[in-house]
């Protein structure tokens, strides 16, 4: 098992079938994922959210990593009567991380695709190994993101216009939409970060550096600096006005053959989420509503694709 080598070096605080929690010392815990095929399932995500809440008061920070060569190789195809429960379990972990009372640092290694990428987007710091080969959302099942990563990106973009009267946020929302669903080429991780593909708080390691130790030191540094918990807030959204502007961009891309037939309906769903739902421009929307929009879009598209109970 991937996790055995880690358990030999650090005390185990808790474990489940697909994840475990280690004590790295100095008050820093490490949440390791060790699921089948280096994938994270909704049951594991729910367990991880619970265990992080249990240790929140005692720890000084958390490092999140993949026990194998990858953080996450994509989303798991799951069977469930209530598809919303799958999304809810993933969102419970990303929301816990985003609003955690202590700093959470995520380590990107190998493939960091799907929910692993969404965890990184909600973390307070990210450290990327130079050996990262692939990262981003997982669209292989023909479904939109539903784990809270998109919500994190949306909140960050809307914050650009905070306290700036007359600021036009729509061009920035279009840029986010483009980043999410249009494939991008990059020569190296530094270029990927510059293009907005990697989180802007990501640090890229040099060859040979111990990524787990770097993650621990980063978490300690953030804690000692006086880490402030991220509070939920309302944002004034672009609403149906912004959604319409983004939909025009998507339609033009589809008609110009820049958007595939598979990605077209996904992109339209993403535009609706970014706009904040079926509300007028400048409506104030809570973070929870974006998460609900993610879940709704996922459930609607998954129900269309279900075959024999699987998605």
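In the numbering used here, the protein residues as written are 66 to 376.
C-beta: ideal position from N, C-alpha, C; glycine also.
Short check: CB of residue 283 to CB of residue 168, under 9 Å?
The answer is yes: Cβ separation under 9 Å.
task = Quick one: grab the DSSP three-state call for residue 265.
result = Residue state, collapsed to three classes: coil.
Which one of 252, 209, 151 has the shortest CA to CA distance from residue 262?
Selection 252, 209, 151 evaluated against residue 262 yields 252 as nearest (Cα-Cα).
| said: Counting C-beta neighbours from all protein chains within 10 Å, is the total for residue 373 16 or more, i.e. buried, or is it exposed? | reply: Reliability of the predicted coordinates at residue 373 is poor, the pLDDT of 49 falling under 50, and the value obtained from them is presented with this limitation in mind. That one is exposed.
- request: Please confirm whether any heavy atom of the ligand SAM lies closer than 8 Å to the CB of residue 155.
  value: Of the ligands one can find in the structure shown there are none, so the ligand SAM has no counterpart to examine.
So, do the segment 277–297 and the segment 321–329 have three or more beta carbon pairs nearer to each other than 8 Å?
-> Under the 8 Å Cβ criterion, the segment 277–297 does not count as touching the segment 321–329, having fewer than three qualifying pairs.
- Query: Can you name the residues that DSSP bridges to residue 87?
  - Reply: Residue pairing of residue 87 in beta bridges, as defined by DSSP: 77, 95.
Using a Cβ-Cβ cutoff of less than 6 Å, which residues in the same chain neighbour residue 235 once the five nearest sequence positions on both sides are dropped? Its chain contains 303, 307, 310 as the residues whose beta carbon lies nearer than 6 Å to that of residue 235, once the 5 sequence neighbours on both sides are disregarded; these appear in chain order.
Complete runs of the beta strand (DSSP E) confined to the segment 128–196 [at least 3 residues]:
Positions of the beta strand (DSSP E) runs, each at least 3 residues long and wholly inside the segment 128–196, are given as 169–173, 176–178, 190–193 in order along the chain.
- Item | At least three beta-carbon pairs within less than 8 Å, the segment 236–245 to the segment 350–370 | Too few Cβ pairs lie closer than 8 Å, so no.
Inset, instruction - Please check the pair residue 138 and residue 102, which I expect to be a contact at CB under 8 Å, by giving their CB distance rounded to whole angstroms. - result: Contact between residue 138 and residue 102 is confirmed by a C-beta separation of about 6 Å, below the 8 Å threshold.
* Verify whether the separation of the beta carbon atoms of residue 97 and residue 84 is less than 9 Å. => Their beta carbons are under 9 Å apart, which means residue 97 touches residue 84 by this criterion.
*Would residue 266 pass as a contact of residue 189 if the rule is Cβ separation under 9 Å?*
The answer is yes: Cβ separation under 9 Å.
query: Can you find a CB in chain D that lies within less than 9 Å of the CB of residue 310?
result: No chain D appears in this structure, which consists of one protein chain only.
- Would you identify the three-state DSSP class for residue 302, choosing helix, strand or coil? Reduced to three states, the DSSP call for residue 302 is coil.
Report, in whole angstroms, the separation of the C-beta atoms of residue 60 and residue 210, which I expect to be a contact under 8 Å.
The chain is shown from 66 up to 376; residue 60 falls before or after that span and cannot be answered.
Under the assumption that residue 305 contacts residue 149 (Cβ atoms under 8 Å), give the Cβ distance between them as a whole number of angstroms. About 24 Å separates the Cβ atoms of residue 305 and residue 149, ruling out a contact at the 8 Å cut-off.
How long is the line joining the alpha carbons of residue 95 and residue 317, rounded to whole angstroms? In a straight line, the C-alpha of residue 95 is about 45 Å away from that of residue 317.
Here's the rule: buried if 16 or more other CB atoms are within 10 angstroms of the residue's CB, otherwise exposed. What is residue 131? Around the CB of residue 131, 16 or more other CB atoms lie within 10 Å, so the residue is classed as buried.
Under 6 Å Cβ to Cβ from residue 319, same chain only, skipping five residues before and after it: list those, please. So the list reads 329, once near-sequence residues are dropped.
key: Check whether residue 207 and residue 327 have beta carbons under 9 Å apart   = The answer is yes: Cβ separation under 9 Å.
Would residue 217 and residue 187 qualify as a contact pair, given that the criterion is a beta-carbon distance under 9 Å? A contact, by the Cβ cut-off of 9 Å.
| query | Whole-angstrom Cβ separation of residue 45 and residue 276, contact assumed at under 8 Å? | reply | Nothing in the structure corresponds to residue 45, since the chain is present only between 66 and 376.
I need the straight-line Cα distance from residue 127 to residue 119, nearest angstrom please.
For residue 127 and residue 119, the distance between alpha carbons rounds to 12 Å.
Exercise. Within its chain, find whatever has a CB closer than 7 Å to the CB of residue 246; leave out the 5 residues flanking it on each side and keep chain order.
Key: Answer for residue 246: 328, 331, 332, 335, listed in chain order.
Using beta-carbon positions only, say whether residue 192 and residue 270 come within less than 9 Å of one another.
Cβ distance < 9 Å, so residue 192 and residue 270 count as in contact.
- For residue 363 versus residue 220, is the C-beta spacing smaller than 9 Å? Going by C-beta atoms, residue 363 is not nearer than 9 Å to residue 220.
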